[in-house]
Amino acid sequence: MRSISSALQAKLDSGVTTLARCWVLARRDGVVQGFTDHDTDIMIDAVVCRAGTGFTASEATSRFDLSVPDTEISGALSDASLTEADLAAGRYDAAKVETWLVDWSEPALRVLTARGSLGEVKREGAAFTAELRGLADLLAQESGRFYTATCGADLGDTRCGIDLTDPAYRGTGAVSMVTGTSQFVASGLDGFAATWFRAGRLTWTTGANTGLSVEIKQHRVENSHAVLSLWQAMPEPVGVGNAFTVTAGCDKAFATCRNRFANSLNFRGFPHIPGNDFVMSYPKPGGGGDTTGTAYG
Numbered sequence: 000m001r002s003i004s005s006a007l008q009a010k011l012d013s014g015v016t017t018l019a020r021c022w023v024l025a026r027r028d029g030v031v032q033g034f035t036d037h038d039t040d041i042m043i044d045a046v047v048c049r050a051g052t053g054f055t056a057s058e059a060t061s062r063f064d065l066s067v068p069d070t071e072i073s074g075a076l077s078d079a080s081l082t083e084a085d086l087a088a089g090r091y092d093a094a095k096v097e098t099w100l101v102d103w104s105e106p107a108l109r110v111l112t113a114r115g116s117l118g119e120v121k122r123e124g125a126a127f128t129a130e131l132r133g134l135a136d137l138l139a140q141e142s143g144r145f146y147t148a149t150c151g152a153d154l155g156d157t158r159c160g161i162d163l164t165d166p167a168y169r170g171t172g173a174v175s176m177v178t179g180t181s182q183f184v185a186s187g188l189d190g191f192a193a194t195w196f197r198a199g200r201l202t203w204t205t206g207a208n209t210g211l212s213v214e215i216k217q218h219r220v221e222n223s224h225a226v227l228s229l230w231q232a233m234p235e236p237v238g239v240g241n242a243f244t245v246t247a248g249c250d251k252a253f254a255t256c257r258n259r260f261a262n263s264l265n266f267r268g269f270p271h272i273p274g275n276d277f278v279m280s281y282p283k284p285g286g287g288g289d290t291t292g293t294a295y296g
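Residue numbers for the sequence shown follow numbering that gives the first Met the number 0, so the first one is 0 and each next one is one higher.
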């Protein structure tokens, strides 16, 4: 239940209000931005909610189930607020959003009307529309452990236990030649065997994509130099000399966990779980009924 101050309630009851809506966005990289549909900036705590960004919101609806509510915010892309490059780079993915109803004549009179995160973002020209997802949406997502032959942990997390700061599993390098939109020759990785960084993570430390991370699709060695292919093109062009860090990859198979990382005790999968062939098998006439596969199709 929302708590509304008596002063704000008195203004609401008067029938003549000076209200505006404000949104405070907190990105996962720590950047906090504010926006308002009012014609002048409004301060909420230490956040300036900028006007003139074209921010508006659709009518909000609430439901009793855990489905995503029909709420959207829209605005304009500009260098002073939300940029197209930031959206393309995923910097606003799952950003936390607070929606405030504020008396613009006295900003201290305000009430928090919703809290959630950004969902799907659509762009068209210099405008964007973003879906607002409430906290209940987290309860609608599947969670828990799955019974699979592959490992359910991510390399380097607390369940895995591998220390990715170990030089054996971590490298630094720079782009020495760009051979495609998502492929380049790297220097500094000559001491690592081919495929060592496949399925690993690359994080840019210099250049236009600084701070962004991407999964490595392929790591091969050609003429004694490492060639890296990324699963997706970066939002900004990759240039010669751009530096990065990379961490080892894991295909989450038991053999890889045992042979490459000597970490089989922490394997979080079920390598001996019966596969689809076993599940779909059936007795054959004359079969002995053993479990070697000779008695089943």
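Even glycine gets a Cβ: it sits at the ideal position worked out from N, Cα and C.
Item to check | Contact check, G160 vs N258, beta carbons under 8 Å | outcome: no
Checklist entry - When the Cβ atoms of the segment 156–174 are set against those of the segment 262–274, are three or more pairs found closer than 8 Å? => result Taking a cut-off of 8 Å for Cβ pairs, the segment 156–174 and the segment 262–274 touch, as three or more such pairs fall below it.
Checklist entry - Short check: CB of R169 to CB of W99, under 8 Å? => result no
Next on the checklist: Here's the rule I'm using: 16 or more other beta-carbon atoms within 10 Å means buried, otherwise exposed. How should T60 be labelled?
Outcome noted: For T60, the pLDDT reaches just 49, beneath the cut-off of 50, and the residue's location in the model is therefore unreliable, leaving the point undetermined.
Item to check | Identified DSSP bridge partners for G123 | outcome: The sequence given here places Glu at residue 123; Gly does not occur at that position. E123 is bridged to A126.
Next on the checklist: Rounded to the nearest angstrom, what separates E105 and T17 at their Cα positions?
Outcome noted: 9 Å
Checklist entry - Nearest-angstrom Cα distance between L154 and A148? => result 16 Å
Checklist entry - With a CB to CB cut of under 8 Å and the five nearest residues on each side skipped, what residues in its chain are close to A94? => result The beta carbon of A94 sits closer than 8 Å to the beta carbons of L24, A25, R26, R27, S116, L117 from its chain, once the five residues preceding and following it are set aside; these are given in chain order.
Item to check | With 16 other Cβ atoms within 10 Å as the buried cut-off, status of G240 | outcome: exposed
Checklist entry - Where do the N-terminal and C-terminal ends of the beta strand (DSSP E) with S228 fall, by residue? => result Going by DSSP, S228 is part of the beta strand (DSSP E) stretching over 224–229.
Checklist entry - Of all the beta strand (DSSP E) runs that stay within the bounds of the segment 154–228, which reach a length of 3 or more residues? => result Taken in chain order, the unbroken stretches of beta strand (DSSP E) that lie wholly in the segment 154–228 and span 3 residues or more are 169–179, 182–186, 200–203, 212–221.
Next on the checklist: Let's test the definition: count the other Cβ atoms within 10 Å of the Cβ of T164 and tell me whether it reaches 16, buried, or not, exposed.
Outcome noted: exposed
Checklist entry - If A50 sits next to H37, beta carbons under 8 Å apart, how far is it from one beta carbon to the other, in whole angstroms? => result Indeed they touch by this definition, with Cβ atoms about 5 Å apart.
Item to check | Q182 vs V226 beta-carbon contact at 8 Å | outcome: A contact, by the Cβ cut-off of 8 Å.
Checklist entry - Okay, do the segment 273–287 and the segment 202–222 touch, 3+ Cβ pairs below 8 Å being the bar? => result no
Checklist entry - How is the alpha helix (DSSP H) around C256 delimited, first residue to last? => result 253–258
Next on the checklist: Residues in the same chain with beta-carbon distance under 6 Å from T194, minus the five sequence neighbours each way, listed in chain order, please.
Outcome noted: H218
Checklist entry - Would DSSP call A242 helix, strand or coil? => result strand
Checklist entry - Less than 8 Å separating the beta-carbons of V120 and L86? => result yes
Item to check | Opposing strand residues paired with R132 [DSSP bridges] | outcome: S116
Item to check | DSSP three-state assignment for F269, whether helix, strand or coil | outcome: Reduced to three states, the DSSP call for F269 is coil.
Checklist entry - What is the DSSP secondary structure of K283, counted as helix, strand or coil? => result coil
Next on the checklist: Suppose contacts are defined by Cβ-Cβ distances below 8 Å. Is V237 in contact with G172 by that definition?
Outcome noted: no
Checklist entry - What is the DSSP secondary structure of V278, reduced to helix, strand or coil? => result helix
Item to check | Selected residue, minimal CA-CA separation from G29, among L81, T112, E83, R90 | outcome: R90
Checklist entry - Would you call the CB atoms of G274 and F253 closer than 8 Å? => result For G274 and F253, no; Cβs fall outside 8 Å.
Checklist entry - In three-state DSSP terms, what is L297? => result Here the chain has residues from 0 to 296 only, and residue 297 is not among them.
Checklist entry - Is S223 closer than 8 Å to D189 when the C-beta atoms are compared? => result yes
Next on the checklist: Within the continuous alpha helix (DSSP H) that includes L264, where are the two ends?
Outcome noted: Here L264 belongs to no alpha helix (DSSP H), and DSSP marks it neither H nor E.
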